[in-house]
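Residue numbers (my numbering): 111 to 264.
Note that the Cβ used here is the ideal one computed from N, Cα and C, for glycine as well.
The structure presented is a predicted model; accordingly, all values stated were derived computationally and were not measured.
See structure below.
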């Protein structure tokens, strides 16, 4: 009788712990869903013979009462409706409750006809209409949750 009771107790504890972990992951997913992502800045870091290095600066605001976690993101960059290329946020980022986090993402821009069109704006500080769309990824024990985003800023 004692062995059966101990086995049931252990199984119950394991089920409760698993349920708690799954619930915590669910809360983090929902927290990320409510976060607001915006473009803080696009900076020219360096200019080379065949490409330029930019920094895409994202701002993520978490209005929730719990920390939201971003595992990674993939995005496409457009300037004045001209495709610039693909970028990635590769590191895990925790966004504390009721807080804002800034993420700097390196972005390599190869010279092409598209760059020639917007180069005067980049070098003279002129205004460009930036569009960045992509997918935020959060890894959970249940799999990866993908959440699309679309930012338009000047």
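Check: The region 240-252 touching the region 131-150, judged by at least three CB pairs closer than 8 Å; Outcome: yes
Check: Three or more C-beta pairs below 8 Å linking the region 195-212 and the region 165-177; Outcome: yes
Check: The region 236-243 / the region 112-124 touching (three or more Cβ pairs under 8 Å); Outcome: no
Check: C-alpha gap between residue 141 and residue 159, whole angstroms; Outcome: 43 Å
Check: Residue 185, DSSP secondary structure in three states; Outcome: strand
Check: Which listed residue (191, 185 and 208) has its alpha carbon closest to that of residue 197; Outcome: 185
Check: Residue nearest to residue 207 in terms of C-alpha spacing, selected from 178, 182 and 221; Outcome: 178
Check: Sequence ranges, beta strand (DSSP E) only - wholly within the region 119-183, length at least 3; Outcome: 146-157, 161-172 and 178-180
Check: Of the listed residues 114, 218 and 188, nearest to residue 244 (C-alpha basis); Outcome: 188
Check: Identity of the residue in 128, 231 and 246 nearest residue 203 by Cα; Outcome: 246
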